[in-house]
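Numbering (the numbering used here), first residue to last: 758 to 850. Only one structure is covered here, and it is reproduced in the block below.
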Amino acid sequence: MFEQLISSIDDEVVHRVYKIHVHQNQNAPVENPLNRPGIAESAAGSNIVQEVSSGLTAGSSKSSDGQVKKKLGRNDPCWCGSGKKYKKCHWPN
């Protein structure tokens, strides 16, 4: 009896999925996602610059020419700002 219920539910779901018709609006204007207000600020990298600069002061070491350089660990966020760990993004390169 339970198997029959499951089978009828599966049949009904398949029937409804194949019955769906998707209509696209041909007159809808295409919006560029980079023109939205919040995206332009993050695309400019303002948050990334703040994160990198705060990270440099926390774990920095001085080189011989006086520049401050941070040694990235494998599990640190990648310097490129992709959001991936360094070992999954730029570590092998």
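All residues carry an ideal CB built from backbone N, CA and C; glycine is no exception. Since we're looking at a predicted model, the values are computed, not measured.
Under 7 Å between C-beta atoms of residue i and residue j
i	j	result
Arg-831	Lys-841	no
Residues of its chain near residue i, where Cβ-Cβ distance is below 6 Å and the 5 sequence neighbours each way are ignored
i	result
Leu-829	Tyr-843
Pro-834	none
Inter-residue spacing [alpha-carbon to alpha-carbon] between residue i and residue j
i	j	result
Trp-836	His-778	45 Å
Gln-783	Lys-827	52 Å
Ser-764	Lys-776	18 Å
Leu-762	Val-774	18 Å
For residue i, the residue or residues it bridges with in DSSP
i	result
Lys-841	DSSP, once it has assigned bridges, lists no residue as partnering Lys-841.
Spatial neighbours of residue i in its chain, beta-carbon cut-off 7 Å, leaving aside the 5 residues before and after
i	result
Cys-846	Cys-835, Cys-837, Ser-839
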